[in-house]
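Going down the list, the sequences are from chains A and B.
The numbering used here runs 280 ahead of the 1-based position in the first sequence.
The numbering used here runs 280 ahead of the 1-based position in the second sequence.
Heads up, the beta-carbon is just placed ideally off N, CA and C, and yes, glycines get one too.
The structure displayed is predicted, hence computed values, not measured ones.
Number of protein chains: 2
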Amino acid sequence: MVRIGLLGGTGIEAAGLALRFASAGVQVILGSRSRERAAAAAAAGNAILGRPLLQGLANPEMLELSEIVFLTVPFAQAVDAVEQCRSLLRRPHIVVDVTVPLIFSAGGAEYCGPNIGSNAENIAPHLPADVPLVAAFKTIPASVLADLHTALHCDVFVCGDVAGAKQSVIAAAALIPSLRPLDCGPLRMARTLERMTVLAADLNRRHRKKGARFRVEGI
Amino acid sequence: MVRIGLLGGTGIEAAGLALRFASAGVQVILGSRSRERAAAAAAAGNAILGRPLLQGLANPEMLELSEIVFLTVPFAQAVDAVEQCRSLLRRPHIVVDVTVPLIFSAGGAEYCGPNIGSNAENIAPHLPADVPLVAAFKTIPASVLADLHTALHCDVFVCGDVAGAKQSVIAAAALIPSLRPLDCGPLRMARTLERMTVLAADLNRRHRKKGARFRVEGI
Chain A
281 MVRIGLLGGT GIEAAGLALR FASAGVQVIL GSRSRERAAA AAAAGNAILG
331 RPLLQGLANP EMLELSEIVF LTVPFAQAVD AVEQCRSLLR RPHIVVDVTV
381 PLIFSAGGAE YCGPNIGSNA ENIAPHLPAD VPLVAAFKTI PASVLADLHT
431 ALHCDVFVCG DVAGAKQSVI AAAALIPSLR PLDCGPLRMA RTLERMTVLA
481 ADLNRRHRKK GARFRVEGI
Chain B
281 MVRIGLLGGT GIEAAGLALR FASAGVQVIL GSRSRERAAA AAAAGNAILG
331 RPLLQGLANP EMLELSEIVF LTVPFAQAVD AVEQCRSLLR RPHIVVDVTV
381 PLIFSAGGAE YCGPNIGSNA ENIAPHLPAD VPLVAAFKTI PASVLADLHT
431 ALHCDVFVCG DVAGAKQSVI AAAALIPSLR PLDCGPLRMA RTLERMTVLA
481 ADLNRRHRKK GARFRVEGI
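Written as structure tokens, this is what we have:
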């Protein structure tokens with residue numbers, strides 16, 4: 281069974297992924313620059329799970345134990361977070377970018393990433409050459425992931441330029457109930473996925489909801 | 281009841297919209313530069329409907345009789361099509377852009393619109409100042425619309441800068457069964473919708489299907 285680590289493991293995005301994967305029987309390690317904060321986040325998650333499934337460790341220990349590493353820091357910190365642990369990233373690590381360059385303004389949710397490209401494509405060149413980046417889970421709200429009482433009933437869109445890495449992420453995501461992984465092609469499809477998340481955030485605002493997420497009908 | 285006209289009424293996109301709206305009880309007029317081709321397309325649609333609900337007319341006559349005018353030409357011809365009938369567009373016309381800048385290459389479906397902007401935003405400045413442009417139906421495959429035996433089970437994403445026009449299109453779309461219109465904000469959200477259609481086309485190709493379309497869960 282694959283082991284999943286979360287780089288930036290103390291935020292809401294990490295909590296949601298950790299709870300869903302741990303519930304699906306996957307070993308999950310929350311990583312943080314502070315071992316204490318990681319342990320506290322793991323304890324909070326374990327209280328929700330009712331079982332001590334999550335482990336909280338400092339980032340180097342987390343990376344030592346993990347194969348799939350989710351990048352769950354805020355979007356603007358993603359490149360720095362990768363650079364800070366670059367020397368510890370190596371095969372067979374797969375890094376999964378879930379970040380979305382999104383800000384809220386008076387007019388609603390706004391995309392604030394590069395006009396040409398995506399946050400995922402900005403991050404990719406900062407990884408070691410033999411560590412692939414996969415983009416996934418960008419369109420699923422953290423609050424929905426973190427609420428284990430809500431069935432997901434949606435698709436997780438997965439894209440990346442290294443087929444094997446992408447398939448590993450798809451296989452892991454397929455363990456989560458009520459979630460269908462869809463191979464969405466090369467990493468540059470993250471341009472679309474990041475913008476879809478902005479649309480979902482805007483729909484949430486208009487409808488006073490928090491859980492807007494996508495599913496594809498007809499395939 | 282609103283009357284719907286289709287500018288570029290002889291193609292598959294027009295056929296799908298015409299069949300769905302006519303089935304919902306809306307008066308639909310197919311427009312073409314050639315009255316004969318418009319009449320033939322209407323006859324073909326009426327044969328499917330089993331009732332003479334569609335009318336086929338030359339574009340000037342179609343525009344005279346229509347309030348909501350769907351632009352159903354191929355994406356690269358949209359600006360020319362608008363320019364050619366610009367003198368006949370006037371209040372209370374609402375123009376609805378359904379085009380998607382999409383090409384198929386060896387690698388799959390590719391977005392080929394402007395890097396900053398969208399086909400919808402390219403078209404808008406060519407309309408008379410008092411005729412609003414709404415973008416809608418971009419993400420629903422024409423082949424699915426044209427197959428009345430397939431329940432849509434999806435959302436239609438509607439965006440535009442003139443609230444009243446957008447609401448009129450939403451009200452019309454709401455007449456179609458199994459289709460939920462969603463207000464997606466200003467016209468620039470078409471950037472996202474057009475790219476989503478490329479994603480759907482790519483998913484179709486991977487899964488050897490034709491009907492990929494989106495619905496939003498959680499709102």
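| Check | Outcome |
| --- | --- |
| Rounded to whole angstroms, what is the Cα-Cα separation between Leu473 of chain A and Val424 of chain A? | 17 Å |
| Taking only runs of the alpha helix (DSSP H) that begin and end inside the region 385-420 of chain A, which ones reach a length of at least 4 residues, in chain order? | 399-403 |
| Rounded to the nearest angstrom, what separates Gly465 of chain B and Asp482 of chain A at their Cα positions? | 8 Å |
| With DSSP as the reference, please indicate the residues paired to Ala338 of chain A in a beta bridge. | A:Ser312 |
| Who does Asp377 of chain B pair with in a DSSP beta bridge? | B:Leu351, B:Ala415 |
| With H, G and I counted as helix, E and B as strand and the rest as coil, what does DSSP make of Val442 of chain B? | coil |
| Out of B:Val496, B:Arg475, B:Lys418, B:Ile284, which one is the CA nearest neighbour of Ser303 of chain B? | B:Ile284 |
| Is there a Cβ from chain A that is less than 8 Å from the Cβ of Lys446 of chain B? | no |
| Suppose contacts are defined by Cβ-Cβ distances below 8 Å. Is Val380 of chain B in contact with Leu351 of chain B by that definition? | no |
| Mind checking which residues open and close the alpha helix (DSSP H) that includes Arg471 of chain A? | 470-487 |
| Alpha carbon to alpha carbon, how far is Ile450 of chain B from Val378 of chain B? | 14 Å |
| Chain A partners of Gly388 of chain B, CB-CB under 8 Å? | Gly465 |
| Do you know whose CA, among A:Leu455, A:Ala452, A:Ala324, A:Asp435, lies nearest Met476 of chain A's CA? | A:Asp435 |
| Quick one, which residues of the region 423-434 of chain A are near chain B if we go by CB-CB under 9 Å, in chain order? | Val424, Thr430, Leu432, His433, Cys434 |
| For chain B, find out if any of its Cβ atoms is closer than 8 Å to the Cβ of Glu497 of chain A; answer yes or no. | yes |
| May I ask you to list the residues that DSSP assigns as paired with Asn292 of chain B? | Asn is not the amino acid found at residue 292 of chain B; the sequence shown has Ile there. Bridge partners of Ile292 of chain B: none, in fact. |
| Assuming Gly336 of chain B contacts Ala358 of chain B under a Cβ cut-off of 8 Å, what Cβ separation, rounded to an integer in Å, is found between them? | Incorrect: roughly 21 Å between the Cβ atoms, too far for contact. |
| Please state whether DSSP places Gly325 of chain A in a helix, a strand or coil. | helix |
| Name the chain A residues that come within less than 7 Å of Leu462 of chain B, Cβ to Cβ? | Leu483 |
| Rounding to the nearest angstrom, what Cα-Cα distance links Ala415 of chain B and Gly440 of chain B in this structure? | 6 Å |
| Is Pro421 of chain A closer than 8 Å to Ala493 of chain A when the C-beta atoms are compared? | Ala is not the amino acid found at residue 493 of chain A; the sequence shown has Arg there. Yes; because the gap between Cβ atoms is below 8 Å, this pair is in contact. |
| Applying the criterion that 16 or more other CB atoms from any shown protein chain within 10 Å of the CB defines a buried residue, is Leu479 of chain B buried or exposed? | buried |
| Under the three-state reduction of DSSP, which class applies to Ile284 of chain A: helix, strand or coil? | strand |
| Check this for me: beta carbons of Leu407 of chain B and Asn339 of chain B, under 8 Å apart or not? | no |
| Just the C-alpha distance for Lys229 of chain A and Val496 of chain A, rounded to the nearest angstrom, thanks. | Nothing about residue 229 of chain A can be reported from this structure: the residues present for chain A run from 281 to 499 only. |
| Of all the CB atoms in chain B, is at least one closer than 8 Å to the CB of Ala359 of chain A? | As written in the sequence, residue 359 of chain A is Val, which differs from the Ala given in the question. No, because no Cβ of chain B sits closer than 8 Å to the Cβ of Val359 of chain A. |
| So if DSSP puts Asp463 of chain A in a beta bridge, which residue, or which two residues, is it bridged to? | A:Val438 |
| Helix, strand or coil: which one does DSSP assign to Leu455 of chain A? | coil |
| Identify every residue that forms a DSSP beta bridge with Leu382 of chain B. | B:Tyr391 |
| Measure the C-alpha to C-alpha separation of Pro332 of chain B and Leu467 of chain A and round it to an integer number of angstroms. | 49 Å |
| Put Val359 of chain B into one of helix, strand or coil per three-state DSSP. | helix |
| Is the beta carbon of Ser398 of chain B less than 8 Å from the beta carbon of Val282 of chain B? | no |
| One question on the structure: do Leu334 of chain A and Ala298 of chain A come within less than 8 Å of each other, judged by their Cβ atoms? | yes |
| Tell me the rounded alpha-carbon separation between Gln364 of chain A and Ala426 of chain A. | 27 Å |
| Is the shortest distance between the beta-carbon of Phe417 of chain B and the beta-carbons of chain A less than 8 Å? | no |
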